[in-house]
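Undergrad:
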Amino acid sequence: MKLYGYEDAGALKELQEVSIVATASELRSLADMLVLAAKKIEGLAEDTSDHIHFSDFFKGMDSDSADIVVMTVAS
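Residues 0 to 74 (numbering that gives the first Met the number 0) are what the sequence shown spells out, left to right.
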């Protein structure tokens, strides 16, 4: 697994660690989204990819909240 992120409007950077500050409801929704991402990987043709935005999955997000994007890659 690799982690990437942005610092405000900066360039994409590879990260060593990510800290998530969230409510119990947000964590449950994130867990559901990760399960969905795993199912998407299983359905992808070899060497293809797809992605999911948490902001699309969790409709109760504040507009100033950080987004989480899960990139799925079939190998």
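A virtual CB, placed ideally from N, CA and C, is assigned to each residue, including glycine.
(1) Please classify Ile-67 as buried or exposed, where buried requires at least 16 other C-beta atoms within 10 Å of its C-beta.
(2) Find the nearest neighbour of Arg-27 within the set Glu-16, Glu-45 and Phe-57, judged by alpha-carbon distance.
(3) Does the pairing of the stretch 45-57 with the stretch 29-36 give three or more beta-carbon distances under 8 Å?
(4) From Lys-12 to Val-69, what does the alpha carbon distance come to, in whole angstroms?
(5) Measuring only the C-alpha atoms, how far is Gln-15 from Asp-46?
(6) Compare the beta carbon distance of Lys-39 and Asp-49 with 8 Å and say whether it is the shorter of the two.
(7) Using a Cβ-Cβ cut-off of 7 Å (strictly less than) and excluding sequence neighbours within five positions of Val-72, which residues of its own chain qualify?
TA: On the basis of the data shown:
(1) Mapped onto the sequence shown, residue 67 falls at position 68. It is buried - the Cβ of Ile-67 has at least 16 other Cβ atoms within 10 Å.
(2) Translated into the one-based positions of the sequence shown, residue 27 becomes position 28. Of the candidates Glu-16, Glu-45 and Phe-57, the one whose C-alpha sits nearest the C-alpha of Arg-27 is Phe-57.
(3) yes
(4) As a first step, residue 12 is located in the sequence shown; it is residue number 13 there, counting from the start. As a first step, residue 69 is located in the sequence shown; it is residue number 70 there, counting from the start. Cα to Cα, Lys-12 sits roughly 15 Å from Val-69.
(5) Working through the sequence shown from its first residue, we reach residue 15 at position 16. Working through the sequence shown from its first residue, we reach residue 46 at position 47. Computed Cα separation, rounded: 25 Å.
(6) In the sequence shown, residue 39 corresponds to position 40, counting from 1. In the sequence shown, residue 49 corresponds to position 50, counting from 1. Judged by their CB atoms, Lys-39 and Asp-49 are nearer to each other than the 8 Å cut-off.
(7) Residue numbering aside, residue 72 sits at position 73 when the sequence shown is read from its first letter. Taken in chain order, the residues that qualify are Ser-48.
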